[in-house]
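S.K.: Attaching a single structure in structure tokens format; questions to follow.
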């Protein structure tokens, strides 16, 4: 059985090796000339005299070269403003094939002088960058936020294609600031000195979130203080206010259970024989809950039109609970859990400021999720 398993393993391994050493013939038959050249080169690097790979390389390279030159001529004849990127791509593919063949001595016997278009590639790359630059200028003159955003990406591509071309970098900066939405976040006002510290902490969490926000580069959040210091004219104002909140609503419930247990040792006879009987007890279970809740209103307003562009309300609730018990009667009627409950004493609840902070936690999670949802693709 072991020999059979080994034989199967070697047969499987042989199929993998054979499959990995393809000559590129199948790719050639499918018209994928680039892949056919690459596979033939790979095979000839390992097996320089492979006749099938030599034949495939000769045919596939000529077809690949003709195919790319045809696509270049067709692109040049079009009015597509991005045609130079198509031309650049095809020159890159031709040069890549040349590099692959030049790295294979056996391949150079079949294709001794693979074509390479260095200056043509450089020219097409420059022209592609110029086309992107001109497109960015056109978009920037449309004077809309979306067109400025598109212009930014055009100038960015121009910089990648033709670094240092004209003032593309400066224009990209202009487009960025024309596309940016400046959002001033107003502080939350809590109309109670008792909860001021908790309200301040809640505000700090929000400030930290907007200060670290980076999902959309075209949205910048400012606190009111930052906006005043930097003399920022906002595009939108995000205001947060508690419509209402209640802290410390207390509820106490008492539940009485009548307990009894049979066959409990309750004494002995004069001749020391055990006496079994029923024991009883009355268990009073107390449950205290202190509920705190609030409703936060988020309103986003357009600064110029004063129109509300988004309004959401986020509820939050926190319930603090405690329980304890007392009993009358025979403690042997109680189980271990019930007995442990009777040994617990009522504990003091958290202070109101802590309860306030607790009910704002689910509000905060909803708030930042909604802000992210609205602005991430704004």
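In this note's numbering, the protein residues as written are 5 to 382. We put the beta carbon where it would ideally sit given N, CA and C, even for glycine. Being a predicted model, the structure only gives us computed values, none of them experimental.
1) Who does residue 253 pair with in a DSSP beta bridge?
2) Would you kindly report the start and end of the unbroken alpha helix (DSSP H) that includes residue 63?
3) Are the C-beta of residue 238 and some C-beta of chain B separated by less than 8 Å?
4) Of the residues 356, 263, 270 and 342, which one's Cα is nearest the Cα of residue 297?
5) Counting only the same chain and skipping the five closest in sequence on each side, list residues whose C-beta sits under 7 Å from that of residue 227.
6) Report the residue ranges of all alpha helix (DSSP H) runs contained in full by the region 123-180; include only those spanning at least 4 residues, in chain order.
7) Please report how far the alpha carbon of residue 22 lies from the alpha carbon of residue 66, in whole angstroms.
8) In angstroms with no decimal places, state the Cα-to-Cα distance between residue 33 and residue 215.
9) For residue 330, which beta-bridge partners are listed by DSSP?
10) Mind the definition here: the region 157-174 touches the region 198-211 only if three or more C-beta pairs lie below 8 Å; say whether that holds.
11) Taking just the CA atoms, how far does residue 75 sit from residue 148?
12) Kindly list the residues whose CB is nearer than 8 Å to the CB of residue 343, restricted to its own chain and excluding five residues on each side of it in sequence; keep chain order.
13) Check whether the region 129-138 and the region 151-164 touch, using three or more Cβ-Cβ pairs below 8 Å as the test.
14) Identify the continuous beta strand (DSSP E) that holds residue 336 and give its terminal residues.
15) Using a Cβ-Cβ cut-off of 6 Å (strictly less than) and excluding sequence neighbours within five positions of residue 172, which residues of its own chain qualify?
16) Tell me the rounded alpha-carbon separation between residue 331 and residue 325.
17) Please classify residue 207: does DSSP put it in a helix, a strand, or coil?
18) Kindly indicate which three-state DSSP category residue 306 falls into: helix, strand or coil?
19) In three-state terms, what does DSSP make of residue 275?
20) Output the distance between the C-alpha atoms of residue 51 and residue 96, rounded to the nearest integer angstrom.
21) Can you tell me whether residue 145 is buried or exposed? The criterion is at least 16 other CB atoms within 10 Å of its CB, across all chains shown.
22) Does the Cβ-Cβ distance between residue 240 and residue 313 come in under 8 Å?
23) Among 304, 372 and 337, which one has its Cα closest to the Cα of residue 285?
24) Name, in chain order, the residues that DSSP records as bridge partners for residue 324.
25) Any chance the region 41-57 sits against the region 79-90, with 3 or more Cβ pairs inside 8 Å?
M.R.: So, from the data block:
1) For the purposes of this step, residue 253 is taken as residue 249 along the chain shown, with counting starting at 1. According to DSSP, residue 253 bridges with 295.
2) Position 59 of the chain shown, counting from 1, holds the residue named residue 63. 55-80 is the span of the alpha helix (DSSP H), which, as asked, contains residue 63.
3) The structure shown contains no chain B, having only a single protein chain.
4) Numbered from 1 along the chain shown, position 293 holds the residue referred to as residue 297. Nearest option by C-alpha distance: 356.
5) On the chain shown, residue 227 is found 223 positions in, with the first residue counted as 1. If we look at residue 227 and ignore the five residues flanking it on each side, its Cβ neighbours are 189 and 211.
6) 149-165
7) Along the chain shown, read from residue 1 onward, the residue named residue 22 stands at position 18. Along the chain shown, read from residue 1 onward, the residue named residue 66 stands at position 62. For residue 22, the predicted model reports a pLDDT of 41, less than 50, meaning its position is unreliable and no value from the coordinates is stated.
8) In the chain shown, the residue the question calls residue 33 occupies position 29. In the chain shown, the residue the question calls residue 215 occupies position 211. Taking the straight line from one Cα to the other gives about 58 Å.
9) Position 326 of the chain shown, counted from the first residue, corresponds to residue 330. Bridge partners of residue 330: 288.
10) no
11) Residue mapping note: residue 148 aligns to position 144 of the chain shown, counting from 1. Residue mapping note: residue 75 aligns to position 71 of the chain shown, counting from 1. Computed Cα separation, rounded: 36 Å.
12) Along the chain shown, read from residue 1 onward, the residue named residue 343 stands at position 339. Cβ neighbours of residue 343 beyond the five flanking positions: 335.
13) yes
14) For the purposes of this step, residue 336 is taken as residue 332 along the chain shown, with counting starting at 1. No beta strand (DSSP E) holds residue 336; DSSP gives it neither H nor E.
15) The residue labelled residue 172 in the question sits at position 168 within the chain shown. Excluding residues within five positions, the ones whose Cβ falls inside 6 Å are 137, 159, 162 and 163.
16) Position 327 of the chain shown holds residue 331. Position 321 of the chain shown holds residue 325. Their Cα atoms are separated by approximately 21 Å.
17) Translated into the one-based positions of the chain shown, residue 207 becomes position 203. Helix.
18) Here residue 306 corresponds to residue number 302 of the chain shown, with the count starting at 1. In the structure shown, residue 306 sits in a strand (DSSP, three-state: E or B).
19) For the purposes of this step, residue 275 is taken as the residue at position 271 of the chain shown. Reduced to three states, the DSSP call for residue 275 is coil.
20) Translated into the one-based positions of the chain shown, residue 51 becomes position 47. Translated into the one-based positions of the chain shown, residue 96 becomes position 92. Cα to Cα, residue 51 sits roughly 27 Å from residue 96.
21) Here residue 145 is taken as the residue at index 141 of the chain shown, counted from 1. Exposed, since its Cβ has fewer than 16 Cβ neighbours within 10 Å.
22) In the chain shown, residue 240 corresponds to position 236, counting from 1. In the chain shown, residue 313 corresponds to position 309, counting from 1. Yes, the pair counts as a contact, with Cβ atoms nearer than the cut-off.
23) The sequence position of residue 285 within the chain shown is 281, counting from 1. Minimum Cα distance to residue 285 is reached at 337.
24) Looking up residue 324 in the chain shown gives position 320. Residue 324 is bridged to 294.
25) no
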